[in-house]
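To start, the structure itself, in structure tokens.
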Ligand code: PEP
Ligand code: MN
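In the numbering used here, the protein residues as written are 86 to 419.
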């Protein structure tokens, strides 16, 4: 971190700032510049708050030269993290699909969908029991009953279950759920994510609707700081000025995230596009860009879907995506 000191600042105030920073265990070196002096701060910068430094009236400018996170950083953990979900590996060249309906709606729906997806080779079944819907009048999910139906699908098919948790009050209900999903709307719900981290279960952390990659990675840092180790990032598109798709799929985040973190990253082309027609091209682009997996919404009878029916693909369409994905994976030798 470099701190630029205002011209003609009182030397006593500068010394007092240096003392405050050094009392946090950091090292400060004075650098004489033309016009104004700078302080170069070296050490664990998570111990100091940028805004605290800015609050000193002698400070002209502060620039962080390194990342604001450490546990998720590849610098401190050069090898890719591989997540093991009941023997299903995600990361470092291990590619996985997570597929299933947006919401669990009935026993018939989830069991039928699970069985067809299993036939396509899918091992991770998704389904929302608690749905964070934009409108309070939309279907909110079956709640506890939805979790029970997912566990039934797990028992009947042997698939592992991924489901979104929206409140820390529900943690006990998720005991049999294999991967806890933190949705886009809750990416910065820090009390929820801290409690979810404590379960030690694998966590799927979706990017917030308008979150920068740095904010997203800082949420992952919260999870790791609270003891979670198995965190999968999920790029699901962000809000932009472009209304023709539900969100704008930020594929640029993939190589960037892979460069600066060791965590696996998967892509959700369903919520990014909002339309079943666009799921396949976006899915394939994501695979080519290095995604460690895809999360795709699939419905056995999409015209009757209670949530996100427009973006759901049929099981036949899913099968096509999965065949094309294998071809891309072979082409990029993954
Ligand atoms: C979902 O996966 O069903 C969901 C609500 O996604 P997101 O949080 O990305 O909107
Ligand atoms: Mn959905």
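All residues carry an ideal CB built from backbone N, CA and C; glycine is no exception.
Beta strand (DSSP E) segment containing residue 181, residue limits: Segment 181-185, the beta strand (DSSP E) holding residue 181.
The beta strand (DSSP E) enclosing residue 401, as first and last residue numbers: Not the beta strand (DSSP E): residue 401 falls in the alpha helix (DSSP H), residues 400-416.
Boundaries of the alpha helix (DSSP H) in which residue 87 is found, first to last residue: Looking at the DSSP string, residue 87 is not in any alpha helix (DSSP H); the run it does join, the beta strand (DSSP E), is 87-90.
Contacting residues, own chain, Cβ-Cβ under 7 Å from residue 312 (five flanking each side not counted): 282, 283, 285
Residues of its chain near residue 154, where Cβ-Cβ distance is below 7 Å and the 5 sequence neighbours each way are ignored: 302, 303, 306
Proximity winner among 254, 240, 272, 268, relative to residue 261 (alpha-carbon distances): For the options 254, 240, 272, 268, the alpha carbon positioned closest to that of residue 261 is the one of 240.
Integer Cβ distance of residue 144 from residue 103, believed to fall under 8 Å: 12 Å between Cβ atoms; not a contact.
8 Å Cβ cutoff met for residue 309 and residue 334: no
Contact the segment 134-149 vs the segment 286-297: 3+ CB pairs below 8 Å: no
Euclidean distance between Cα positions of residue 254 and residue 215: 12 Å
DSSP state of residue 352 mapped onto helix, strand, coil: strand
Nearest candidate by alpha-carbon position, reference residue 356, set 338, 386, 323: 323
Cβ pair residue 378, residue 207 closer than 8 Å: no
Member of 397, 409, 401 whose CA lies at the smallest distance from the CA of residue 185: 397
Cβ pair residue 317, residue 287 closer than 8 Å: yes
Residue 213 (DSSP reduced to helix, strand or coil): strand
Residue 358 Cβ short of 7 Å to the ligand MN heavy atom set: no
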